[in-house]
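Only one structure is covered here, and it is reproduced in the block below.
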Amino acid sequence: MKAKKRLKVVMDSDGIERCLTRIAYEILEKNKGMDGLVIVGIRTGGIYLAQRLQKKISSIEGRKIPLGVLDITLYRDDIAKAGKTSPPGKTDIPFDLTDKKVVLVDDVLFTGRTIRAAMDALIDFGRPRMIQLAVLIDRGHRELPIRADFVGKNLPSSLWEAVSVNLNEKNGTDEVVIVEEK
Amino acid sequence: MMKLAKKDILGIRDMSREEINLILDTAESFLEISTREIKKVPTLRGKSVINLFYEASTRTRTSFELAGKRLSADTINISASTSSAVKGETLIDTARNLEAMTPDIIVIRHSAAGAPHLLAGLVRQSIINAGDGSHEHPSQALLDMLTIKEKKGKIAGLKVAIIGDIAHSRVARSNIYGLSKMGAEVVVAGPPTMLPRDIDKLGVRVCTKLEDAVADADVVMMLRIQLEREKQNIFPSLREYARHYCLNRRNLGLAKPDAIVMHPGPINRGVEISPDIADDPTCSVILNQVNNGVAVRMALLYLLTGGSE
């Protein structure tokens, strides 16, 4: 992949950690503890953030909060377009979602189409009592009536920019960068 | 991001190692869908798949039909005995008429080798070969490779013995192409009348004794004896065939202790495989093959409809 031009670093490693710590407390505050609560990370950007949130929430509450991984490729609305096919990743939700409060986790909230697909997928797994959304970055430009319950940082962006969340687990460094969309 | 550049799936012979890996990886992700309570995703909504079967089939046809349905495609089954073929319509005319109804994929099984290739050059739709004569059966080889990968963690470096009527087996041919491409060592064994001339040119080792082929194997793949061929005098009797080429506890003991036993089905119990082996869950993966078949066919439908314009 061609390296895109980096325009600005908007969050560093400490910033990401502090955001996630705050979101972990907000999730617990809003849900009054972790009873019936589960975390589901959206492939691929949301997985590592979901894992970090799992660790934080589990250490605050002293017991492990269940974590699942959701791949939304098969629920995309642009799948029929030529050239859009990519091999779907594995979905792994090792618990029943019925009557659970689900916190969906993704890195960047943009048009909202990924979240729409994720909600459709979740509902095929059962009937959650509630679905909430946690994202590290909300960059605006919504195309669907969707909003996040927990936001790390609101980052108004131009359409010619792209927001790239780099994480240690993925590419060896923790940072959020604005890069030029080609 | 890799995608399948092909319009059709006609055989393993013209498939690259990368393409095989892409299909197997995609199929692995699809396995999970069949374990859900709601075994359906909306991916191929509005697409239609026609299963055109000129030969009898339980597994392959059901498997393709379920694969399509689990991806939300509309699937239509046509079997030759209830189609206009009995009124004398030619394959080409049937295909042109089906094309006029604009399906997205046509899956065909035919007793004539090359029939899918003929259609592929004739119609706009993607053609999937579900078995053509004794030529190829690509989706079977792919599901066999997926099963081997699932059980052994890899394909490269394994020793795979394929036993039985190699000459008339499309399953054997597709597996020989596929397994060799993926780096396995393939040994075939069968009575000399069932070994095609020049089979060694495909890069396989050839034995006439089952014991020689099975020795030290990681995977033992038994082929179905096509009972209708008994009249062709290629073997004296089923009883004699079974005495030399039936996989049983004794000769399976020559393989590696953790060897797996495969069979494409339908099995002739006591002819090519003894019932206690076929039903032994510690070595037999025959039903895993069937389960993996649905995922492999989902992968084929998905990659063909999404990847082409």
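Same order as they appear, the protein sequences are chains W and L. Its first residue numbered 3, the first sequence is counted upward by one per residue in my numbering. Its first residue numbered 2, the second sequence is counted upward by one per residue in my numbering. Built from N, CA and C at the ideal position, the CB exists for glycine as well.
Please name the residue in the options whose C-alpha comes closest to that of residue i.
| i | options | result |
| --- | --- | --- |
| residue 116 of chain L | L:53, L:170, L:176 | L:53 |
| residue 254 of chain L | L:280, L:211, L:230 | L:211 |
| residue 281 of chain L | L:248, L:295, L:306 | L:248 |
| residue 116 of chain W | W:95, W:148, W:93 | W:148 |
| residue 60 of chain L | L:177, L:138, L:48, L:75 | L:138 |
| residue 283 of chain L | L:261, L:251, L:76 | L:261 |
| residue 124 of chain L | L:273, L:200, L:98, L:216 | L:98 |
| residue 293 of chain L | L:6, L:27, L:56 | L:27 |
| residue 258 of chain L | L:232, L:272, L:285, L:241 | L:285 |
| residue 58 of chain L | L:252, L:272, L:267, L:301 | L:267 |
| residue 103 of chain L | L:47, L:89, L:114 | L:47 |
| residue 109 of chain W | W:24, W:34, W:183, W:50 | W:50 |
| residue 256 of chain L | L:216, L:85, L:62 | L:216 |
Quick one: measure Cβ to Cβ for residue i and residue j, integer angstroms, because I've assumed they're closer than 8 Å.
| i | j | result |
| --- | --- | --- |
| residue 71 of chain L | residue 222 of chain L | At roughly 27 Å, the Cβ-Cβ gap does not stay under 8 Å, so residue 71 of chain L and residue 222 of chain L are not in contact. |
| residue 77 of chain W | residue 119 of chain W | 4 Å |
| residue 1 of chain L | residue 121 of chain L | With chain L covering 2 to 310 only, the question about residue 1 of chain L has no answer from this structure. |
| residue 108 of chain L | residue 81 of chain L | Their Cβ separation, rounded to whole angstroms, is 14 Å, which puts residue 108 of chain L and residue 81 of chain L out of contact at 8 Å. |
| residue 107 of chain W | residue 136 of chain W | 5 Å |
| residue 18 of chain L | residue 152 of chain L | Their Cβ separation, rounded to whole angstroms, is 20 Å, which puts residue 18 of chain L and residue 152 of chain L out of contact at 8 Å. |
| residue 21 of chain W | residue 155 of chain W | 6 Å |
| residue 214 of chain L | residue 243 of chain L | Contact flag wrong, Cβ pair sits at about 16 Å. |
| residue 302 of chain L | residue 50 of chain L | 6 Å |
How many Å lie between residue i and residue j at the Cα?
| i | j | result |
| --- | --- | --- |
| residue 206 of chain W | residue 28 of chain W | In the structure as shown, chain W starts at 3 and stops at 184, and residue 206 of chain W therefore has no counterpart that could be examined. |
| residue 84 of chain W | residue 113 of chain W | Low local confidence applies: a pLDDT of 48 at residue 84 of chain W is under 50, so the model's placement there is unreliable, with the coordinate-based value given in what follows. In a straight line, the C-alpha of residue 84 of chain W is about 20 Å away from that of residue 113 of chain W. |
| residue 45 of chain L | residue 306 of chain L | 8 Å |
| residue 43 of chain L | residue 94 of chain L | 33 Å |
| residue 133 of chain L | residue 112 of chain L | 6 Å |
| residue 170 of chain L | residue 236 of chain L | 15 Å |
| residue 224 of chain L | residue 163 of chain L | 7 Å |
| residue 227 of chain L | residue 234 of chain L | 12 Å |
| residue 35 of chain L | residue 55 of chain W | 30 Å |
| residue 2 of chain L | residue 126 of chain L | Caution is warranted here: a pLDDT of 43 is assigned to residue 2 of chain L, below 50, making its placement in the model unreliable, and no coordinate value can be reported. |
| residue 40 of chain L | residue 7 of chain W | 43 Å |
| residue 275 of chain L | residue 165 of chain L | 14 Å |
| residue 38 of chain W | residue 134 of chain W | 13 Å |
| residue 18 of chain W | residue 174 of chain W | 14 Å |
| residue 14 of chain W | residue 177 of chain W | 5 Å |
| residue 166 of chain W | residue 100 of chain L | 45 Å |
| residue 106 of chain L | residue 291 of chain L | 22 Å |
| residue 12 of chain L | residue 55 of chain L | 18 Å |
| residue 310 of chain L | residue 6 of chain L | Only weak support is given to the placement of residue 310 of chain L: the predicted model assigns it a pLDDT of 32, under 50, and the question is left unresolved by the model. |
| residue 33 of chain L | residue 94 of chain W | 8 Å |
| residue 130 of chain W | residue 38 of chain L | 14 Å |
| residue 192 of chain L | residue 144 of chain L | 26 Å |
| residue 220 of chain L | residue 200 of chain L | 20 Å |
| residue 53 of chain W | residue 61 of chain W | 12 Å |
| residue 250 of chain L | residue 240 of chain L | 18 Å |
| residue 77 of chain L | residue 157 of chain L | 38 Å |
| residue 29 of chain L | residue 158 of chain W | 39 Å |
| residue 245 of chain L | residue 119 of chain L | 39 Å |
With residue i as the anchor, note down where its beta strand (DSSP E) starts and where it stops.
| i | result |
| --- | --- |
| residue 206 of chain L | 206 to 208 |
| residue 134 of chain W | 132 to 140 |
| residue 108 of chain W | 103 to 111 |
| residue 43 of chain W | 39 to 44 |
Report yes if the CB atom of residue i is closer than 8 Å to the CB atom of residue j, and no otherwise.
| i | j | result |
| --- | --- | --- |
| residue 72 of chain W | residue 42 of chain W | yes |
| residue 296 of chain L | residue 287 of chain L | no |
| residue 9 of chain W | residue 139 of chain W | no |
| residue 142 of chain L | residue 179 of chain L | yes |
| residue 208 of chain L | residue 188 of chain L | yes |
| residue 264 of chain W | residue 92 of chain W | Because chain W here runs from 3 to 184, residue 264 of chain W falls outside it and cannot be looked at. |
| residue 218 of chain L | residue 160 of chain L | yes |
| residue 167 of chain L | residue 146 of chain L | no |
| residue 96 of chain W | residue 75 of chain W | no |
| residue 22 of chain L | residue 148 of chain L | no |
| residue 150 of chain L | residue 25 of chain L | yes |
| residue 69 of chain W | residue 99 of chain W | no |
| residue 58 of chain W | residue 23 of chain W | yes |
| residue 183 of chain W | residue 162 of chain W | yes |
Name the two residues that bound the continuous alpha helix (DSSP H) containing residue i.
| i | result |
| --- | --- |
| residue 151 of chain L | 139 to 153 |
| residue 33 of chain W | 15 to 33 |
| residue 70 of chain L | 60 to 71 |
| residue 57 of chain W | 47 to 63 |
| residue 72 of chain W | First-last for residue 72 of chain W: 69 to 72, but that is the beta strand (DSSP E), not the alpha helix (DSSP H). |
| residue 1 of chain L | No information on residue 1 of chain L is available, as it lies outside the stretch 2 to 310 that chain L covers here. |
| residue 179 of chain L | 171 to 182 |
| residue 299 of chain L | 287 to 308 |
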